[in-house]
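Colleague:
2 protein chains.
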Amino acid sequence: MTTDIKKYKSGKIREQNSQKILEAAEIEFVKQGYKGTSMQSISDSAGLPKANVHYYFKSKAKLYSAVLKDIVQRWNEVLTDMNEDGDPAETLESYIKNKVELAIRYPNASKIFATEIIQGAPNVKEYLRTEQRAWIREKCRIIQSWIDQGKMTPVDPEKLIFMIWSSTQHYADFETQVLTTANKLEYEPADVEHISRFLCHMILTGCGLTPSNPL
Amino acid sequence: MTTDIKKYKSGKIREQNSQKILEAAEIEFVKQGYKGTSMQSISDSAGLPKANVHYYFKSKAKLYSAVLKDIVQRWNEVLTDMNEDGDPAETLESYIKNKVELAIRYPNASKIFATEIIQGAPNVKEYLRTEQRAWIREKCRIIQSWIDQGKMTPVDPEKLIFMIWSSTQHYADFETQVLTTANKLEYEPADVEHISRFLCHMILTGCGLTPSNPL
DNA sequence: GTCTATACAAGGATAGAC
DNA sequence: GTCTATCCTTGTATAGAC
Chain A
2 MTTDIKKYKS GKIREQNSQK ILEAAEIEFV KQGYKGTSMQ SISDSAGLPK
52 ANVHYYFKSK AKLYSAVLKD IVQRWNEVLT DMNEDGDPAE TLESYIKNKV
102 ELAIRYPNAS KIFATEIIQG APNVKEYLRT EQRAWIREKC RIIQSWIDQG
152 KMTPVDPEKL IFMIWSSTQH YADFETQVLT TANKLEYEPA DVEHISRFLC
202 HMILTGCGLT PSNPL
Chain B
2 MTTDIKKYKS GKIREQNSQK ILEAAEIEFV KQGYKGTSMQ SISDSAGLPK
52 ANVHYYFKSK AKLYSAVLKD IVQRWNEVLT DMNEDGDPAE TLESYIKNKV
102 ELAIRYPNAS KIFATEIIQG APNVKEYLRT EQRAWIREKC RIIQSWIDQG
152 KMTPVDPEKL IFMIWSSTQH YADFETQVLT TANKLEYEPA DVEHISRFLC
202 HMILTGCGLT PSNPL
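Protein chains in written order, with our numbering: chain A, 2 to 216; chain B, 2 to 216.
#1: Please determine, among B:Lys100, B:Glu16, B:Asn109, the residue with the shortest C-alpha to C-alpha distance to Gln33 of chain B.
#2: Val79 of chain A lies in the alpha helix (DSSP H); which residues open and close that run?
#3: Shorter than 8 Å from the beta carbon of Ala135 of chain A to some beta carbon of chain B?
#4: Around the C-beta of Pro50 of chain B, are 16 or more other C-beta atoms found within 10 angstroms, so that it is buried, or is it exposed?
#5: Does Glu194 of chain B get closer than 8 Å to chain A when you measure Cβ to Cβ?
#6: Output yes if chain A places a C-beta closer than 8 Å to the C-beta of Thr92 of chain B; else output no.
#7: State buried or exposed for Gly48 of chain A, treating a residue as buried only when at least 16 other CB atoms are found within 10 Å of its CB.
#8: Mind the definition here: the stretch 120 to 133 of chain B touches the stretch 184 to 204 of chain B only if three or more C-beta pairs lie below 8 Å; say whether that holds.
#9: Could you check whether the Cβ of His202 of chain B sits closer than 8 Å to any Cβ belonging to chain A?
#10: What is the DSSP secondary structure of Glu189 of chain A, counted as helix, strand or coil?
#11: Helix, strand or coil: which one does DSSP assign to Gly207 of chain A?
#12: Could you say if the stretch 101 to 118 of chain A and the stretch 16 to 34 of chain A meet the contact criterion of at least three C-beta pairs nearer than 8 Å?
#13: Judging by CA-CA distance, which residue of A:Phe58, A:Tyr35, A:Gly37, A:Cys141 is the nearest neighbour of Lys21 of chain A?
#14: Which stretch, first to last residue, makes up the alpha helix (DSSP H) that contains Val54 of chain B?
#15: Under 8 Å between C-beta atoms, does Arg130 of chain A make it to chain B?
#16: List in chain order: all unbroken alpha helix (DSSP H) runs of 4+ residues lying wholly within the stretch 101 to 164 of chain B.
#17: Comparing the C-beta of Met164 of chain A with each C-beta of chain B, is any distance below 8 Å?
#18: Spatial neighbours of Arg143 of chain A within its chain, please: CB distance less than 6 Å, with the 5 preceding and 5 following residues excluded, ordered by chain position.
#19: If we count Cβ pairs, one from each stretch, closer than 8 Å, do we get three or more for the stretch 174 to 182 of chain A versus the stretch 115 to 123 of chain B?
#20: Can you tell me which of the three DSSP states Asn84 of chain B falls into?
#21: Are there three or more Cβ pairs, one per stretch, closer than 8 Å when the stretch 65 to 77 of chain B is compared with the stretch 192 to 206 of chain B?
#22: Just to confirm my understanding: we take Lys152 of chain B, look at its own chain, exclude 5 residues before and 5 after, and list those with CB closer than 7 Å. What are they?
#23: Should Ala228 of chain B be labelled buried (16 or more other beta-carbon atoms within 10 Å of its own) or exposed?
#24: Please name the residue in A:Pro155, A:Ala62, A:Thr81, A:Asp149 whose C-alpha comes closest to that of Asn124 of chain A.
#25: For chain B, check one thing: does any of its Cβ atoms lie closer than 8 Å to the Cβ of Phe30 of chain A?
#26: What does the Cβ neighbour count give for Tyr56 of chain B, buried or exposed, with the cut at 16 atoms within 10 Å?
#27: At a CB distance below 7 Å, what residues from the stretch 166 to 177 of chain B approach chain A? Give them in sequence order.
#28: Can you tell me which of A:Ala115, A:Pro155, A:Gly207 puts its alpha carbon nearest to the alpha carbon of Gln170 of chain B?
#29: Spatial neighbours of Thr1 of chain B within its chain, please: C-beta separation below 6 Å, excluding the five flanking residues on both sides.
#30: Can you tell me which of the three DSSP states Asp214 of chain B falls into?
#31: In its own chain, which residues sit with a C-beta less than 6 Å from the C-beta of Thr4 of chain A, not counting the 5 before and 5 after it?
Below, the structure is given as C-alpha cells:
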C-alpha cells in the first residue's frame with residue numbers, strides 16, 4: 002500500500018534528520034554550553050530550518066536530554082567486564098586502554114558530561130545517585146575482593162576508579178590544553194598508545210601490579 | 002580636604018562592591034556557564050541593582066575576564082617551587098598536597114577554568130600558549146634532570162604533570178559526582194588527608210619513589 | 001511532513017533622574 | 001556615585017501556508 006511506502010520513506014527522513022540534529026547539537030552544546038547554544042545555531046549547523054528542530058525535538062530542553070541520553074548509552078556499551086576471578090592487571094589495563102581510546106575518539110561526549118557534573122549535575126543527578134553509584138559500588142566490591150585475595154596492594158577502590166576516570170578523561174576534556182602545550186593541532190595515532198602505556202604503568206605500579214608493556 | 006575624604010570613602014565602597022560582584026559572578030558563572038548567566042542574576046546575588054554591575058565592569062565580557070584574571074592570579078600564587086637539586090619525592094608530594102587543598106578549598110576557581118578549557122579556551126588560549134606552556138616546559142626540564150640523575154623512574158614528565166593536575170582537580174570539578182557516590186553533602190576535613198595520601202602513594206610509586214606517609 | 005512569518009519573553013546595555 | 005526606566009537585540013516557540 003502507498004501509505005506504507007510513504008510512512009517508510011518519512012521514517013527514514015525523520016531518522017536522518019534527527020541524527021543530523023543530534024550531532025550538530027552535541028558540537029554546539031560543547032562549544033557554547035546549554036544556555037549559550039541557540040536553536041538557530043543548531044539548525045544552521047545541521048543544515049535545516051529552525052522550526053524543524055522544534056518539530057523533531059519539541060523543545061531545547063528535550064533536545065539536550067536526548068543528547069545526554071545518547072552519550073550515557075554510548076558509554077554504557079563500552080564498560081569492560083570485571084569479575085573477582087579475573088586477573089587485576091589484565092582487567093585494569095584493558096579498562097584503561099578502552100577509556101583512553103574512548104576519550105580521544107569521542108571527546109565531545111566526555112566534555113558534555115563533564116560540563117554537566119561541573120554545573121552540579123542538574124540533569125543527571127538521578128543517574129549518578131542510582132545507576133552510576135551502583136556501578137561504582139559493584140566494581141569497588143570486585144577490587145576489594147582482589148585485595149582480600151592478596152592479588153594487589155590495598156588501595157582505596159573508589160579513589161582508584163576516580164583516578165582512572167580523571168586521568169583518562171583529561172585527554173578529552175582538556176584536549177585544548179594538552180594540544181596547546183604540545184603545540185599540536187590534533188592527536189596522532191601513536192598518542193593513544195603512549196598515553197595508555199604511561200597511565201597503565203603509573204596506575205598498575207601503584208597497585209603493586211606489573212604492566213604488560215614497557216614505557 | 003573634604004574631597005579627599007569623599008574620594009577615600011568612595012574608593013572603599015567601590016572596592017567592596019567590586020569584590021561582592023566578583024564573588025557573586027564566580028558562583029553564577031559556574032552554575033550557569035557564561036552565556037547562561039544573566040547580569041540580573043549576578044546583581045541579585047550580589048545584592049545590587051543591575052545597572053551598578055554595568056557601572057563597575059562596563060560589560061558582561063569584561064566582568065568575566067576579571068573573574069578569570071582573579072582565578073589565574075590565585076593559582077599562580079600557590080605554585081610550589083621546584084628545582085633540580087631538590088628531592089623529587091618531597092617536591093612532588095608537597096605539590097600534590099597543595100593541589101588537593103586548593104581543589105577542595107576553591108572548587109569554583111577550578112570549575113570555571115575547566116569549563117573554559119572544555120569549550121576550547123576562547124578566553125585563555127593566549128595564556129595557555131605563552132605563560133602556561135613556559136611553566137610546563139620549565140617543570141618538565143627539572144623532572145627530566147631528576148631522571149637523568151637517576152633519582153626517579155624515566156617517565157614522560159609532561160604526562161606526569163597532567164596526571165597530577167587531572168587527578169587532583171577531579172575532586173574540585175567532579176565534586177558533585179564524588180560526593181553523590183559517597184552519599185555525602187560536602188567534604189570532611191579528613192578527606193583532604195586521605196585523598197592526598199592516596200594520590201601521593203600512586204604517583205610517587207609510579208615514579209619509583211617512596212611516599213613519606215603510609216596509606 | 002516541511003518551512004516562513006511572527007508572537008512573546010529575556011537579557012545586555014545605556015540615558016538620564018536623583 | 002547610584003539607581004530607575006527604557007531601548008534594542010536575540011532567542012524560544014508556534015501558527016499557518018505550502
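Think of the CB as a built atom: it goes at the ideal place given N, C-alpha and C, for glycine as much as any other residue.
Modeller: By the coordinates alone:
#1: Cα-wise, what sits closest to Gln33 of chain B is B:Asn109.
#2: Note, Val79 of chain A: premise wrong, no alpha helix (DSSP H); not H, not E.
#3: False, the Cβ-Cβ gap to chain B never drops below 8 Å.
#4: Burial call: exposed.
#5: False, the Cβ-Cβ gap to chain A never drops below 8 Å.
#6: Interface with chain A (8 Å Cβ-Cβ cutoff): Thr92 of chain B is excluded.
#7: Gly48 of chain A comes out exposed.
#8: The stretch 120 to 133 of chain B makes no contact with the stretch 184 to 204 of chain B, as fewer than three CB pairs between them are under 8 Å.
#9: With its beta carbon less than 8 Å from one in chain A, His202 of chain B belongs to the interface.
#10: It is coil, neither helix nor strand.
#11: Gly207 of chain A: helix per DSSP, three-state reduction.
#12: The way I'd put it, the stretch 101 to 118 of chain A does touch the stretch 16 to 34 of chain A; three or more beta-carbon pairs between them come closer than 8 Å.
#13: If we check each option's Cα against that of Lys21 of chain A, A:Phe58 comes out closest.
#14: Element bounds for Val54 of chain B: 51 to 58.
#15: At least one chain B Cβ lies under 8 Å of Arg130 of chain A.
#16: List check, alpha helix (DSSP H) in window: 108 to 119, 134 to 149.
#17: So, interface residue.
#18: Looking at the sequence shown, residue 143 of chain A is not Arg but Ile. Scanning its chain for C-beta atoms nearer than 6 Å, with the 5 sequence neighbours on each side dropped, one finds around Ile143 of chain A the residues Met83, Glu85, in chain order.
#19: Touching, yes.
#20: In the structure shown, Asn84 of chain B sits in coil (DSSP, three-state: anything other than H, G, I, E or B).
#21: No, the stretch 65 to 77 of chain B is not in contact with the stretch 192 to 206 of chain B.
#22: Cβ within range, chain order: Pro89.
#23: Here chain B has residues from 2 to 216 only, and residue 228 of chain B is not among them.
#24: Measuring from the Cα of Asn124 of chain A, the nearest candidate turns out to be A:Ala62.
#25: Not an interface residue.
#26: By the neighbour-count rule (16 or more Cβ atoms within 10 Å), Tyr56 of chain B is not buried but exposed.
#27: When CB distances to chain A are screened at a threshold of 7 Å, the residues of the stretch 166 to 177 of chain B falling below it are Ser167, Ser168, His171, Asp174, Phe175, Thr177, in chain order.
#28: The option with the nearest alpha carbon to Gln170 of chain B is A:Ala115.
#29: Limits of chain B in this structure are 2 at one end and 216 at the other, which puts residue 1 of chain B out of reach.
#30: According to the sequence displayed, residue 214 of chain B carries Asn and not Asp. Under the three-state reduction of DSSP, Asn214 of chain B is assigned to coil, being neither helix nor strand.
#31: Reliability of the predicted coordinates at Thr4 of chain A is poor, the pLDDT of 37 falling under 50, and no value is obtained from them.
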